[in-house]
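Quick note on numbering: the sequence shown equals residues 8 to 297 in my numbering. Where a beta carbon is used, it is the ideal one built from N, C-alpha and C, also for glycine. Scroll down for the structure; my scribbles are underneath it.
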Amino acid sequence: MSIVYLNGEYLPKEEAKISPDDRGFLLGDGLYEVTPFYEGVPFGLDGHIARLLRGLCFMRITFDVSMLEEMHRTLIAKNGLDTADRSMVYLQITRGAAPRTHYFPEGDVQPTVYAFAKAWSRPDDERWNRGFSAATVPDRRWSRVDIKTICLLPNAIAFQDAKEKGADDAILVRDGVAIEGAHQNFWAVFGDTAVTHPTTNNILPGITRAILLEEARKAGMKVEERPIQVEDLAHADEAFFTGTTGEVRPVVTIDGRPVGRGVVGDVTRRLSDLFLARVEAVKRAAGAGV
């Protein structure tokens, strides 16, 4: 039975109850984060909490984040995921339950805090080595994509559009620029240079993206943060997504056309290896009590 966290309590998921007046339900007035764990060790948790705190400040939701690390670890333990190869904690914070108004509720309204943990798995080597497909679709999201809100309808429609085109993922296009994926950051490789959109209000600043940029630069690899024109995708040698549960996800076709030679490229493979090496380093450090 899944154990979830709701407003200070750990309880079976079947017993969790949220008010129909919750502003997350009525207005999408909330934020979320997804943090990965590897064999019970959190990965990038500080970055996820920092991004959440920035969003809370933007949305003017008052919440003490100091308890979140303990809550994450407790959820993993209570769900028997301490030794799972890969697991994750989904956390959602809304403004709370109040009479429906378009302005913020008056008086003392407590945020609704909900979280659950579950296992997830990386595609097996055979599937990963075949690569994945993507389709370009319009970016219909609002102007503050850097705030990780629960208002994901444009992302869901984009992903559905891609699925109906027979693709595995979506690449969101705005003003002729390939911005990012529907739920992951997007990269293209030109020659030996990996390129991803710069950190602006038009993308979510991915934690995996930031870690990969750091590891690539430490390894002396060429990376650039600049807009990728959609017409330049025809000249890309490789492409891939990065994300919490996608890690490094190679793309071998876009809109039915091969990317480069239509196979997972060397730059993508090396970046994936660097990312997985970082995961192993974090696990070793945790085991050594660092």
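Problem - 8 Å Cβ shell around Arg264 - same chain, five flanking residues per side excluded - result: Ala241
Handout entry: Cβ pair count under 8 Å reaching 3, the stretch 139-158 against the stretch 174-188
Key = yes
Handout entry: Among Gly114, Ile10 and Ala195, nearest to Ala243 - alpha-carbon criterion
Key = Ala195
Handout entry: Helix, strand or coil at Lys24 according to DSSP, with G and I counted as helix
Key = coil
Practice task
Have a look at Thr268 and Leu88 and give me their C-alpha separation to the nearest angstrom.
Solution key: For the record, residue 268 in the displayed sequence is Arg; it is not Thr. Each residue's Cα considered, the two are about 40 Å apart.
Practice task
Please classify Ala226: does DSSP put it in a helix, a strand, or coil?
Solution key: DSSP places Ala226 in coil when its eight states are reduced to three.
Handout entry: DSSP beta-bridge partners of Gln236
Key = Val184
Problem - Ala141 - partner residues in DSSP beta bridges - result: Per DSSP, Asp176 and Ile261.
Exercise for the section: Leaving out five residues on either side along the sequence, give the residues of the same chain with a beta carbon under 6 Å from the beta carbon of Ala189. Expected result: Asn162, Ala165, Phe166 and Ala177
Problem - Cβ pair count under 8 Å reaching 3, the stretch 39-54 against the stretch 278-292 - result: yes
Practice task
Determine the extent of the beta strand (DSSP E) in which Asn192 is found, giving its start and end residues.
Solution key: Asn192 to Phe197
Problem - Own chain partners of Pro19 with C-beta closer than 8 Å, once the 5 adjacent residues on each side are dropped - result: Met8, Ser9, Ile10 and Val11
Problem - Leu220 versus Val270 - alpha carbon distance - result: 22 Å
Problem - Span separating the alpha-carbon of Thr203 from that of Ala246 - result: 10 Å
Problem - Whole-number beta carbon distance between Ala217 and Val48, since they are thought to touch under 8 Å - result: In fact, because the Cβ distance is near 19 Å, the residues do not count as touching under 8 Å.
Exercise for the section: With DSSP as the reference, label Asp132 as helix, strand or coil. Expected result: helix
Problem - Three-state secondary structure (DSSP) of Ala241 - result: helix
Exercise for the section: Label Glu254 either buried or exposed according to how many other C-beta atoms from any shown protein chain fall within 10 Å of its C-beta, with 16 as the threshold for buried. Expected result: buried
Exercise for the section: Report back the beta-carbon spacing between Tyr39 and Leu98 to the nearest angstrom; my notes put them in contact at under 8 Å. Expected result: The beta carbons of Tyr39 and Leu98 sit about 6 Å from each other, so the pair counts as a contact at 8 Å.
Exercise for the section: Would you kindly check if the distance between the Cβ of Asp29 and the Cβ of Thr101 is under 7 Å? Expected result: yes
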